[in-house]
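Letter by letter, the sequence shown follows residues 32 to 371 in our numbering. The beta carbon of each residue, even a glycine, is placed where N, CA and C say it ideally should be. Encoded as structure tokens, the structure appears first; notes follow it.
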Amino acid sequence: MPPPTSTRITFEPVNRRHFVRQSLEMASTGIAAISLAGTSGCVPVTDSDVPDLVWGRRGLSSGRFLKPRAITIDDADQLYIVDTTGRIQVFDTDGNFLRFWETPKTANGRPTGMSFQPASASPSGQSRLLVADTHYYRMLAYTPDGKLLADQQIGGTAGHLPGEFAFVTDAVSDSQGCVYIGEYNASDRIQKFDPDGIFMTQWGGTGDTPGTFVRPQSLIIRDDVMWVADACNHRIQRFDLSEETPRLIDVWGGPGTQPGQYYYPYDLALASDGSLLVVEYKNNRVQRLSPDGKPIAMWGGPGFEPGMLNQPWGIVVDSQDRVHILDSNNHRVQRIHLPA
32 MPPPTSTRIT FEPVNRRHFV RQSLEMASTG IAAISLAGTS GCVPVTDSDV PDLVWGRRGL
92 SSGRFLKPRA ITIDDADQLY IVDTTGRIQV FDTDGNFLRF WETPKTANGR PTGMSFQPAS
152 ASPSGQSRLL VADTHYYRML AYTPDGKLLA DQQIGGTAGH LPGEFAFVTD AVSDSQGCVY
212 IGEYNASDRI QKFDPDGIFM TQWGGTGDTP GTFVRPQSLI IRDDVMWVAD ACNHRIQRFD
272 LSEETPRLID VWGGPGTQPG QYYYPYDLAL ASDGSLLVVE YKNNRVQRLS PDGKPIAMWG
332 GPGFEPGMLN QPWGIVVDSQ DRVHILDSNN HRVQRIHLPA
């Protein structure tokens, strides 16, 4: 893999000569449009489309990855990344390795979702890393330095009853400390727990009608609104969490390769201006959407060079509005800048 480049990405429009273009209008706070090449996604071809940092490579030693599956970020701008070895590695936003630990069991499978719960929302008053331990039907909780908080585990039993799980996809917290856990396979639902881990409510179920899911892979919350990456329905759903029973607000997208369509959206992140970043596993790209779901721009495309993606799984935005993309089957992380 080429060494990290110091070129800052500017998201300038791509020359029409390189593409059969389907343009997006630019928003005043958005990224300049990067167009689709046929139906394969958006493909960078100029220096301005190169990420400002690419780091990581395939391997088992510290700082290397074997198909990383989830990424999250804490209040100190430290990145937590789990791969298919079950290791959780921690880095700064420049890719410098800080520490690591391993999840308790990996024989059945590895975690596929993580989020960071700040101290202000934690029942103990200390920040926690929430880990969707997918194939062990549970959510694990850790301190930022890797201490397992065994008494704060939720789940651990396979089943369909409240507090039981199929394959857990993600676990996130709201500002009151309530935890929401997504699951797929036999259940395709989201369960809500109070700060002490007591079941409160659930919604969803397997289906393609609004409010149901087929693999709710990623959850993200801001200001009593939850966005759900309904991965195998190739869409995003929004829910109002301010009421006792979550209420569906709207549904974005559908299957496809056009702007505003998705092909296995696997992770979501919010920028400071409220725009939503969506990483698509099969379209090998990132889309940026306005707060009301209108497509602003795209980045990526299938490939191995910097600026291209190979089955990406995760995405986070740091305090400087830099986007860190988990380029999973390239065993690396790519960093790009959003315009101010």
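Assigned exposure category for residue i - 16 Cβ within 10 Å defines buried
{"i": "GLY284", "result": "buried"}
{"i": "LYS178", "result": "exposed"}
{"i": "GLN13", "result": "The first residue shown for the chain is 32 and the last is 371, placing residue 13 beyond what the model contains."}
{"i": "ILE229", "result": "exposed"}
{"i": "PRO322", "result": "exposed"}
{"i": "PRO247", "result": "buried"}
{"i": "GLU214", "result": "buried"}
{"i": "PRO337", "result": "buried"}
{"i": "ARG220", "result": "buried"}
{"i": "GLY186", "result": "buried"}
{"i": "ALA260", "result": "buried"}
{"i": "ASN127", "result": "exposed"}
{"i": "GLU133", "result": "exposed"}
{"i": "ASP182", "result": "exposed"}
{"i": "PRO142", "result": "buried"}
{"i": "GLN318", "result": "buried"}
{"i": "ALA328", "result": "buried"}
{"i": "ASP239", "result": "exposed"}
{"i": "SER374", "result": "What the structure shows of the chain is the stretch from 32 to 371, and residue 374 is not part of that stretch, so it cannot be assessed."}
{"i": "ARG159", "result": "buried"}
{"i": "GLY236", "result": "exposed"}
{"i": "ARG253", "result": "exposed"}
{"i": "PHE198", "result": "buried"}
{"i": "PHE335", "result": "exposed"}
{"i": "MET339", "result": "buried"}
Boundaries of the beta strand (DSSP E) in which residue i is found, first to last residue
{"i": "MET231", "result": "230 to 235"}
{"i": "THR200", "result": "198 to 204"}
{"i": "LYS223", "result": "220 to 224"}
{"i": "TYR215", "result": "210 to 215"}
{"i": "LEU369", "result": "First-last for LEU369: undefined, no H or E at that position."}
{"i": "ARG353", "result": "353 to 358"}
{"i": "ARG89", "result": "First-last for ARG89: undefined, no H or E at that position."}
{"i": "SER158", "result": "Here SER158 belongs to no beta strand (DSSP E), and DSSP marks it neither H nor E."}
{"i": "GLU133", "result": "128 to 133"}
{"i": "TRP258", "result": "256 to 261"}
{"i": "PRO247", "result": "247 to 253"}
{"i": "GLN120", "result": "118 to 122"}
{"i": "ARG141", "result": "Where ARG141 is concerned, there is no enclosing beta strand (DSSP E), given that its DSSP letter is neither H nor E."}
Identified DSSP bridge partners for residue i
{"i": "PHE103", "result": "Correcting the residue identity first, residue 103 is Thr in this sequence and not Phe. Looking at the DSSP assignment, THR103 forms a beta bridge with TYR111."}
{"i": "VAL309", "result": "LEU299, GLN318"}
{"i": "PRO286", "result": "TYR293"}
{"i": "ARG95", "result": "In the DSSP output, where bridge partners are listed per residue, ARG95 has none listed."}
{"i": "GLY186", "result": "ARG169"}
{"i": "LEU180", "result": "Answer is none; LEU180 lacks a bridge partner."}
{"i": "PHE335", "result": "Bridge partners of PHE335: none, in fact."}
{"i": "GLN148", "result": "ARG159"}
{"i": "GLY242", "result": "Bridge partners of GLY242: none, in fact."}
{"i": "PRO326", "result": "LEU320"}
{"i": "GLY194", "result": "Per DSSP, none; premise fails for GLY194."}
{"i": "GLN377", "result": "As displayed, the chain neither begins before 32 nor continues past 371, which places residue 377 out of reach and without an answer."}
{"i": "LEU340", "result": "PRO333"}
{"i": "LEU279", "result": "PHE270"}
C-alpha gap between residue i and residue j, whole angstroms
{"i": "SER204", "j": "HIS191", "result": "22 Å"}
{"i": "HIS166", "j": "ILE280", "result": "31 Å"}
{"i": "CYS73", "j": "GLY331", "result": "Caution is warranted here: a pLDDT of 41 is assigned to CYS73, below 50, making its placement in the model unreliable, and the coordinate value is therefore given only provisionally. Whole-angstrom Cα-Cα distance: 6 Å."}
{"i": "SER350", "j": "ASP108", "result": "7 Å"}
{"i": "VAL81", "j": "VAL354", "result": "13 Å"}
{"i": "THR200", "j": "GLY324", "result": "23 Å"}
{"i": "SER92", "j": "MET145", "result": "21 Å"}
{"i": "LEU357", "j": "VAL245", "result": "22 Å"}
{"i": "GLU274", "j": "ASP255", "result": "9 Å"}
{"i": "VAL85", "j": "THR276", "result": "42 Å"}
{"i": "ASP105", "j": "PHE131", "result": "15 Å"}
{"i": "LEU369", "j": "GLN222", "result": "33 Å"}
{"i": "PRO286", "j": "HIS265", "result": "5 Å"}
{"i": "LEU180", "j": "TYR173", "result": "5 Å"}
{"i": "MET257", "j": "LEU320", "result": "15 Å"}
{"i": "ASP164", "j": "ASP83", "result": "32 Å"}
{"i": "ILE251", "j": "ARG118", "result": "23 Å"}
{"i": "GLY242", "j": "ARG269", "result": "9 Å"}
{"i": "ARG89", "j": "PRO343", "result": "15 Å"}
{"i": "ALA68", "j": "PRO226", "result": "For ALA68, the pLDDT reaches just 31, beneath the cut-off of 50, and the residue's location in the model is therefore unreliable, leaving the point undetermined."}
{"i": "VAL282", "j": "ALA262", "result": "13 Å"}
{"i": "ALA202", "j": "THR103", "result": "11 Å"}
{"i": "GLY345", "j": "VAL113", "result": "10 Å"}
{"i": "ASP176", "j": "PRO296", "result": "30 Å"}
{"i": "GLU195", "j": "GLY291", "result": "34 Å"}
{"i": "ALA152", "j": "GLN207", "result": "6 Å"}
Whole-Å CB distance - residue i paired with residue j, under 8 Å assumed
{"i": "LEU308", "j": "VAL364", "result": "That belief does not hold up - the Cβ atoms of LEU308 and VAL364 are roughly 14 Å apart, past 8 Å."}
{"i": "LYS98", "j": "ASN341", "result": "Contact flag wrong, Cβ pair sits at about 10 Å."}
Residue i Cβ short of 8 Å to the ligand PLP heavy atom set
{"i": "GLY287", "result": "The ligand PLP is not among the ligands present in this structure, which contains no ligands whatsoever."}
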